Amino acid sequence: MFKKILVPLDGSELSELALKYAEEMAATLDSEVELVYVCVPAEKGYRHMHELYIQKMAEQVRNHIKAYHPGEAGLLVPVKTAVLDGDPAAEIISYADRNNISVIVMVSHGRSGIVPWSMGSTASRVVQRTTKPVLLIRANAPGVEAGKGEIFSKILVPLDGSEDGEAALQHVKELTSKLESEVTLLQLVIPGQHVHTVGGLDYVIFPEPELEHLVDEARQYLENVSQKLADTKATIRCEVKTGNPAQGIIKYADDINARLVALSTHGRSGIRRWISGSVAYKVLQAGNTHILLVRAPEVKE
Numbered sequence: 027m028f029k030k031i032l033v034p035l036d037g038s039e040l041s042e043l044a045l046k047y048a049e050e051m052a053a054t055l056d057s058e059v060e061l062v063y064v065c066v067p068a069e070k071g072y073r074h075m076h077e078l079y080i081q082k083m084a085e086q087v088r089n090h091i092k093a094y095h096p097g098e099a100g101l102l103v104p105v106k107t108a109v110l111d112g113d114p115a116a117e118i119i120s121y122a123d124r125n126n127i128s129v130i131v132m133v134s135h136g137r138s139g140i141v142p143w144s145m146g147s148t149a150s151r152v153v154q155r156t157t158k159p160v161l162l163i164r165a166n167a168p169g170v171e172a173g174k175g176e177i178f179s180k181i182l183v184p185l186d187g188s189e190d191g192e193a194a195l196q197h198v199k200e201l202t203s204k205l206e207s208e209v210t211l212l213q214l215v216i217p218g219q220h221v222h223t224v225g226g227l228d229y230v231i232f233p234e235p236e237l238e239h240l241v242d243e244a245r246q247y248l249e250n251v252s253q254k255l256a257d258t259k260a261t262i263r264c265e266v267k268t269g270n271p272a273q274g275i276i277k278y279a280d281d282i283n284a285r286l287v288a289l290s291t292h293g294r295s296g297i298r299r300w301i302s303g304s305v306a307y308k309v310l311q312a313g314n315t316h317i318l319l320v321r322a323p324e325v326k327e
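The numbering of the sequence shown is my numbering, which starts it at 27 and goes up by one.
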């Protein structure tokens, strides 16, 4: 699942924040790394400079990965480079598809500095359109400068009780098969529902016995799911909370100081629309934690 890691770079220090996470994954999971730079039309005259830059970054990545393997000076580190031309988001997505990339690792802010996610950055466009898993590093997240292994040391996995909702779980399993981590499985139970009444649409809270039953079901579900990680290096916790799913995920991630939220997303509505209005979109917009997004398989109707 992490055989080939793609890191798009744009020449900024912000985009390069993604490198150390890709390096650690590559060294631990024996993954290949591919670095790409996309030349927009206005930069074509400087293409040779971008080629030198991406080659320099590749050599740096090779050296850092080798440092994870003391005594193995002859270790061959597979790091490839490419300089592309065109629209950055479109070229990154196309390259990932053509080259069978396993995961895209990128930073949510790039060349133009710190800008709101909703303003249509390259990262947001890639996330919305790609079918590939994306490890999104938030440039302003607490602990972004943390040391070796920090991003994978505490992972929060929100689940909704569905098979689609477990899409990210296999990726977490692969990570924790090699890396020690505290993994928290979280389910948010919605405490009520909207019902049509004479006065319009009202929100009705479930009776206490019904809510307790839903919480018990959620807890049992998480206990069952936790068995899928039983043969890994993960320390597993199961937590059930009540409330709004997106708000609950964000708050709980902050409360436990999670380093990574591994979130499954649903793909029934098509590549461009799967994220619209979803819990994943809200967590992307308002969350403070690095996030691994994994799309559930398309369902043919």
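A virtual CB, placed ideally from N, CA and C, is assigned to each residue, including glycine.
Fair warning: this is a prediction, and the values are worked out from it, not measured in the lab.
Separation of residue j from residue i, as counted between CA atoms
i           : j           : result
residue 182 : residue 150 : 21 Å
residue 266 : residue 193 : 19 Å
residue 178 : residue 111 : 34 Å
residue 259 : residue 65  : 41 Å
residue 250 : residue 243 : 11 Å
residue 33  : residue 256 : 31 Å
residue 318 : residue 176 : 15 Å
residue 94  : residue 234 : 53 Å
residue 314 : residue 289 : 14 Å
residue 185 : residue 247 : 10 Å
residue 145 : residue 311 : Per-residue confidence for residue 145 stands at a pLDDT of 37, beneath the threshold of 50, marking its modelled position as unreliable; the derived number appears in the next sentence. So the alpha carbons of these two residues sit roughly 11 Å apart.
residue 271 : residue 82  : 43 Å
residue 316 : residue 281 : 15 Å
residue 114 : residue 230 : 46 Å
residue 238 : residue 275 : 20 Å
residue 268 : residue 217 : 6 Å
residue 219 : residue 287 : 26 Å
residue 72  : residue 156 : 28 Å
residue 38  : residue 153 : 20 Å
residue 203 : residue 49  : 17 Å
residue 67  : residue 74  : 14 Å
residue 76  : residue 147 : 21 Å
residue 78  : residue 277 : 43 Å
residue 188 : residue 306 : 15 Å
residue 279 : residue 245 : 18 Å
residue 69  : residue 123 : 24 Å
Neighbourhood of residue i by C-beta, 6 Å cutoff - its chain only, sequence neighbours within 5 removed
i           : result
residue 180 : 208, 284, 285
residue 273 : none
residue 105 : 59, 84, 87, 88
residue 30  : 58, 127, 128
residue 322 : 190, 193, 290, 292, 293
Residue range of the unbroken alpha helix (DSSP H) whose run includes residue i
i           : result
residue 90  : 73 to 92
residue 308 : 305 to 312
residue 122 : 114 to 124
residue 240 : 234 to 252
residue 200 : 195 to 204
residue 38  : First-last for residue 38: undefined, no H or E at that position.
Cβ shell of residue i (< 8 Å), same chain only, five flanking positions each side left out
i           : result
residue 304 : 291, 292
residue 252 : 211, 262, 264
residue 62  : 32, 33, 34, 35, 80, 107, 108, 109, 110, 117, 118, 121
residue 240 : 215, 232
residue 125 : 30, 32, 60
residue 236 : none
Residue i, enclosing beta strand (DSSP E) - first and last residue
i           : result
residue 184 : 180 to 184
residue 330 : This structure cannot speak to residue 330, because the chain is shown only from 27 to 327.
residue 111 : 105 to 111
residue 189 : Residue 189 -> no beta strand (DSSP E), and no H or E assigned at all.
residue 30  : 30 to 35
residue 157 : Unbroken run through residue 157: none, as it is neither H nor E.
residue 268 : 260 to 268
residue 50  : Residue 50 -> not in any beta strand (DSSP E); alpha helix (DSSP H) instead, spanning 44 to 55.
Contact set for residue i: own chain, Cβ-Cβ below 7 Å, skip 5 residues either direction
i           : result
residue 254 : 195, 199
residue 28  : 51, 55, 57, 128, 129, 200
Beta-carbon separation (whole angstroms), residue i vs residue j, contact threshold 8 Å
i           : j           : result
residue 54  : residue 161 : The Cβ separation is near 14 Å, so there is no contact.
residue 159 : residue 309 : Rounded, the Cβ-Cβ distance is 15 Å, inconsistent with contact.
residue 163 : residue 47  : 6 Å
residue 91  : residue 52  : 5 Å
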